[in-house]
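>
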Amino acid sequence: MARLTIDRLTKRFGDYKALDAVSLDVRDGEFIAILGPSGCGKTTLLRLVAGFDRAEEGTIAIGDRVVSSPEAHTPPEDRRIGIVFQSYALWPHMSVAENVGYSLRVAGVAAPERERRVREALELVGLASFAERRPAMLSGGQRQRVALARCLVASPSLVLLDEPLANLDVHLRASMEDEFHDFHARTGTTMFYITHDQAEAMALADRIAVMDRGQLMQLATPSELYREPANEMVAGFIGNGLIVPGEVRDANAGRAMARVFGVDVPVRCRPDQKLAAAAKLCLRSRDLVLAPPGPGTIPCRVRRSVYQGGYSRVEIAPEAMPDLTLEVHQPEGDPVNSGDAVGVRIAGGWVIPDAGPAAA
Ligand SMILES: Nc1ncnc2c1ncn2[C@@H]1O[C@H](COP(=O)(O)OP(=O)(O)OP(=O)(O)O)[C@@H](O)[C@H]1O
Ligand SMILES: [Mg+2]
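Heads up: the sequence shown is residues 54 to 413, going by our numbering.
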């Protein structure tokens, strides 16, 4: 177990900044997920932590030891980290036990101790009875567990995982998610888990670091990211938040009144939120309720209604902003049709902190 401290890390490929001053503090024993769209720099960050690449600027410390800085570079084999990739990279000609014990054999660990540690690692991933099998005789999920055991056998202080479930089908992903969760709960190993699947990140991580175009957007718990996104990117990316313009007219201790499409709406905000003429709000579909057109509702037009089993997903556009699409979940038995004029009541929302200039 170890703490991981990344401080203003910058990595360039030619003129392109793949990582731009990324700082991240992972606590000892924490499960952290790195989440972001394809190409945002997740694998680049993992490769720097592993020591496969060097950054131009910034430092990485594992525990109290600086392993990367512009002046110094600890090679991967001296960092006490374990790595699990999307492709399991098992040796086909070796048994499960030989695959898991390979690094110990190379390191010259004596046979009795090696066998004991291999047995323990296989027990930890529930594969003790598969020790003599070849990888070809295992399912995808079992192979991924062998890869995990192989990384654990060396007692790493930090485990790095790069999209470890991306090759598995939906059902297997869910059960492997449980396995990673249980494994983390049992061992308390610090986990640095890369994914572009939000549901996976939310299910597993203590905190999630959302990245975009080489920059860290927000580091927070899953519910903070959903309830209190720091900027427009996070608001739109996490849970498909709707972003609408509004005017913050009154803000006090985390509560505000915002004028949205001509209607006053009670919303949540940061305690230090200022009044703002051009703010942005993040709305969730559950914040929106269809109502008969009238005072206190926003005049809208139904674009289409799609039955989803038990409810319909209704896409509507405000008359004042016909290019914007809002989504409402309408309970069964109260149908609306495309073209209908409806009203929408906004029951709540979140003022996105760093959007729009602050007014007096
Ligand atoms: N060796 C390299 N040379 C040049 N550019 C690179 C190199 N490695 C990565 N990049 C670029 O850096 C950016 C970040 O790549 P990275 O592999 O870190 O993305 P990622 O977030 O892991 O994406 P994905 O979800 O698709 O795996 C991309 O634009 C990529 O093209
Ligand atoms: Mg990647």
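Note that CB positions come from ideal geometry on N, CA and C, so glycine has one too. Given the structure is predicted, the values throughout are model-derived calculations rather than measurements.
#1: Please state the DSSP three-state secondary structure of G396.
#2: List in chain order the residues whose CB is within less than 7 Å of at least one heavy atom of ligand 2.
#3: For H234, which of helix, strand or coil comes out of DSSP?
#4: Report the rounded CA-to-CA distance for R196 versus I247, giving the unit in angstroms.
#5: Going straight from the alpha carbon of L336 to that of D73, what length do you get?
#6: DSSP on I351, reduced to helix/strand/coil?
#7: Quick check: E216 and Q139, are their CB atoms within less than 8 Å of each other?
#8: Quick check on the DSSP output: the alpha helix (DSSP H) that includes F290 runs from which residue to which?
#9: Are at least three pairs of beta-carbons, each pair with one atom in the region 296-311 and one in the region 326-336, less than 8 Å apart?
#10: Which stretch, first to last residue, makes up the alpha helix (DSSP H) that contains A108?
#11: Any heavy atom of ligand 1 within a distance shorter than 7 Å of the CB on Y69?
#12: Could you tell me if the beta carbon of G92 falls within a distance shorter than 7 Å of some heavy atom in ligand 1?
#13: Applying the criterion that 16 or more other CB atoms from any shown protein chain within 10 Å of the CB defines a buried residue, is E166 buried or exposed?
#14: Rank Q251, D250, A273 by C-alpha distance to the C-alpha of D259 and give the top, closest one.
#15: Give, in chain order, every unbroken run of the alpha helix (DSSP H) that is at least 4 residues long and sits entirely within the region 118-189.
#16: Would the C-beta of F138 count as close to ligand 3, meaning under 7 Å from any of its heavy atoms?
#17: Taking 7 Å as the line, does the beta carbon of H249 fall inside it for any heavy atom of ligand 1?
#18: Evaluate F66 with the Cβ neighbour count: other Cβ atoms within 10 Å of its Cβ, from every protein chain shown; 16 or more gives buried, anything less gives exposed.
#19: Please name the residue in A181, A207, I115 whose C-alpha comes closest to that of V159.
#20: So G392 and R354 are in contact, right, with Cβ under 8 Å, and what is the actual spacing, rounded?
#21: Bridge partners of L295, per DSSP?
#22: I'd like to know whether the C-beta of F314 is nearer than 8 Å to at least one C-beta of chain C.
#23: Is F66 near ligand 1, with its Cβ less than 7 Å from a heavy atom?
#24: Pick out whichever of M147, A142, G104 has its Cα sitting closest to the Cα of D131.
#25: Enumerate in chain order the residues of its own chain whose CB-to-CB distance from G349 is below 7 Å, with the five nearest sequence positions on each side excluded.
#26: To the nearest angstrom, how far is it from the Cα of R312 to the Cα of Q361?
#27: Under 7 Å Cβ to Cβ from D407, same chain only, skipping five residues before and after it: list those, please.
#28: Count the other C-beta atoms from every protein chain shown that fall within 10 angstroms of the C-beta of N152, then say buried if there are 16 or more, exposed otherwise.
#29: Answer yes or no: do L213 and V178 have a C-beta to C-beta separation smaller than 8 Å?
#30: Looking only at its chain, what residues have a beta carbon closer than 8 Å to the beta carbon of E110, apart from the 5 residues adjacent to it on each side?
Quick look at the numbers:
#1: In the sequence shown, residue 396 corresponds to position 343, counting from 1. It is a strand residue.
#2: K95, T96, D215, E216, I247
#3: What you label residue 234 is simply residue 181 of the sequence shown in a count that begins at 1. H234: helix per DSSP, three-state reduction.
#4: As a working mapping, residue 196 is identified with position 143 in the sequence shown. As a working mapping, residue 247 is identified with position 194 in the sequence shown. Taking the straight line from one Cα to the other gives about 19 Å.
#5: The sequence position of residue 336 within the sequence shown is 283, counting from 1. The sequence position of residue 73 within the sequence shown is 20, counting from 1. Each residue's Cα considered, the two are about 29 Å apart.
#6: The residue you call residue 351 lines up with position 298 of the sequence shown. Three-state DSSP puts I351 in a strand.
#7: Along the sequence shown, read from residue 1 onward, the residue named residue 216 stands at position 163. Along the sequence shown, read from residue 1 onward, the residue named residue 139 stands at position 86. Their beta carbons are under 8 Å apart, which means E216 touches Q139 by this criterion.
#8: Residue mapping note: residue 290 aligns to position 237 of the sequence shown, counting from 1. F290 -> alpha helix (DSSP H) spans 285-290.
#9: yes
#10: Here residue 108 refers to the residue found at position 55 of the sequence shown. Per DSSP, A108 belongs to no alpha helix (DSSP H) and is neither H nor E.
#11: Locating residue 69 in the sequence shown gives position 16, where the first residue counts as 1. Yes, since a heavy atom of ligand 1 falls inside the 7 Å radius drawn around the Cβ of Y69.
#12: Within the sequence shown, numbered from 1, the residue matching residue 92 stands at position 39. Checking every heavy atom of ligand 1 against the Cβ of G92, one is found closer than 7 Å.
#13: Position 113 of the sequence shown, counted from the start, is the residue given in the question as residue 166. So E166 ends up on the exposed side.
#14: As a first step, residue 259 must be located in the sequence shown, where it is residue number 206. The candidate whose alpha carbon is nearest that of D259 is A273.
#15: 149-159, 164-177
#16: For ligand 3, the structure offers nothing, since it holds only ligand 1 and ligand 2.
#17: Your numbering for residue 249 matches position 196 in the sequence shown. Indeed, a heavy atom of ligand 1 lies less than 7 Å from the Cβ.
#18: The sequence position of residue 66 within the sequence shown is 13, counting from 1. It is exposed - the Cβ of F66 has fewer than 16 other Cβ atoms within 10 Å.
#19: Residue 159 sits at position 106 when you count from the first residue of the sequence shown. Nearest of A181, A207, I115 to V159, Cα basis: A207.
#20: For this step, residue 392 is matched to residue 339 along the sequence shown. For this step, residue 354 is matched to residue 301 along the sequence shown. Rounded, the Cβ-Cβ distance is 7 Å, consistent with contact.
#21: Numbered from its first residue, the sequence shown carries residue 295 at position 242. Paired residues: L336.
#22: Included in the structure is just one protein chain, with no chain C present.
#23: Sequence index remark: in the sequence shown, residue 66 carries index 13 (1-based). Yes, the beta carbon of F66 sits closer than 7 Å to at least one heavy atom of ligand 1.
#24: As a first step, residue 131 must be located in the sequence shown, where it is residue number 78. Comparing Cα positions, the closest option is G104.
#25: Indexing the sequence shown from 1 puts residue 349 at position 296. Cβ within range, chain order: V316, R398.
#26: Residue mapping note: residue 312 aligns to position 259 of the sequence shown, counting from 1. Residue mapping note: residue 361 aligns to position 308 of the sequence shown, counting from 1. Cα to Cα, the separation comes out at about 32 Å.
#27: The residue labelled residue 407 in the question sits at position 354 within the sequence shown. These residues qualify, in order along the chain: A283, N284.
#28: Position 99 of the sequence shown, counted from the first residue, corresponds to residue 152. By the 10 Å Cβ count, N152 comes out buried.
#29: Residue 213 sits at position 160 when you count from the first residue of the sequence shown. Residue 178 sits at position 125 when you count from the first residue of the sequence shown. No, the Cβ-Cβ distance between L213 and V178 is not below 8 Å.
#30: Sequence index remark: in the sequence shown, residue 110 carries index 57 (1-based). Here the set comprises R61, L62, T63, A74, P123.
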